[in-house]
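Peer 1: Got a structure for you, questions after.
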Amino acid sequence: HQTSSTAADMEEFEYTLDNEQQFWDGELTPPWRKLDDIVSAKCPSHQLIDNALRSYLHFTTKFKDEYVNSEYDIARCSQKLLQSELFNANKDYVRIQIIYSLLQEDEYATLHFIASFLLFDGREDEATFEKMNLEGCFPRLLELVKQGKKDDARLHRMLLELLYEMSRMQRLSAEELGQVDDDFVIYLFEMIEELSDDVDDPYHYPIIRVLLVLNEQWMVTSASSPIDSKTPPLTNRVIKILSLQGSRYMTFGENIILLLNRETETSLQLLILKLLY
């Protein structure tokens, strides 16, 4: 008879797998080393929750290249955690620990599982994106996006989506917007140009949405700045780059017209119209 595992038990073992089925729900040695058992471990204390989350990230990262090699698989891992007792009994604590991991983690494979969890969780409960903003995730996401897509294009796209979702939810501070420089905006425009041969490339959409939401943030900040303020107004760098170098980035203009015609989400239509205005 197998007793239920605890996160403390998990810390004592390394694990090996023979096939993909074992990763998801196969019998392992020790038997609780499958993903289901990691996220269903009994965790009556914060320390045990921490242990379980470390096990989840270590386990998924360890076998990412071998068994979790599609976006569907990564999403499936996130859903297992989101639907688990571990998460549902400790939502606020698990969220903040995953957010702290985003701020501190440098391993790209692990960041993929962290970003995936926050994206799916935030789309179900916008409090996650609000908490990310409070904890200073905006500059961290800028940093990660700047590092480029060469290491993992799927992760890079997910980071762009996370940056967009977090930024559309609430107003960014002047300090946060001040960290977006010309080079970052040019970098996004140039990525769109690199993909100009394929308007349906999955990269187009998240890059354009980030540029649209940054434009809106600058518009909001400009409109709400006191007229007699001694602080110089922030430069809307999206408009600046388009004004100075627009002829180099024709694909962006063509794509937002296409998006406006295709898009059914009112909030995104408004973002496009604000930029056109």
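In the UniProt record's numbering, the protein residues as written are 1 to 277. Just so it is clear, CB atoms sit at the ideal spot from N, CA and C, and this is done for glycine as well.
(1) Would you say F129 touches the ligand GTP, meaning its beta carbon is less than 6 Å from a heavy atom?
(2) List in chain order: all unbroken alpha helix (DSSP H) runs of 4+ residues lying wholly within the region 157-213.
(3) Please go through the same chain and pick out, in chain order, the residues whose beta-carbon is closer than 7 Å to the beta-carbon of E105, but skip the five residues on each side of it.
(4) Does DSSP put L276 in a helix, in a strand, or in coil?
(5) What first and last residue would you give for the alpha helix (DSSP H) that runs through E124?
(6) Considering only the alpha carbon of each residue, which of Q269, A223, T266 and I192 lies closest to T251?
(7) Tell me which same chain residues have a C-beta within less than 6 Å of the C-beta of K91, skipping the five on either side of it?
(8) Would you mind listing the beta strand (DSSP E) stretches within the region 39-111 that are 3+ residues and don't spill past its ends, in chain order?
(9) How long is the line joining the alpha carbons of K34 and C137, rounded to whole angstroms?
(10) So what's D36 in DSSP terms, helix, strand or just coil?
(11) Determine the direct distance from the alpha carbon of P232 to that of E71, and round the result to whole angstroms.
(12) Beta-carbon within less than 8 Å of D181's beta-carbon, same chain only, minus the 5 sequence neighbours each way: which residues are those?
(13) Which first and last residues belong to the alpha helix (DSSP H) in which M236 is found?
(14) Where F87 and V68 are concerned, what is the direct C-alpha to C-alpha distance, given to the nearest angstrom?
(15) Using only the alpha-carbon positions, how far apart do S45 and Q97 sit?
Peer 2: This is what the structure holds:
(1) With respect to the ligand GTP, the structure offers nothing, as it holds no ligand at all.
(2) 174-177 and 182-194
(3) L111 and I114
(4) helix
(5) Y108 to E124
(6) I192
(7) none
(8) none
(9) 31 Å
(10) helix
(11) 44 Å
(12) R237
(13) The question names Met, but residue 236 in the sequence shown is Asn. Taken as a continuous stretch (DSSP letters only), N236 belongs to no alpha helix (DSSP H), as it is neither H nor E.
(14) 21 Å
(15) 14 Å
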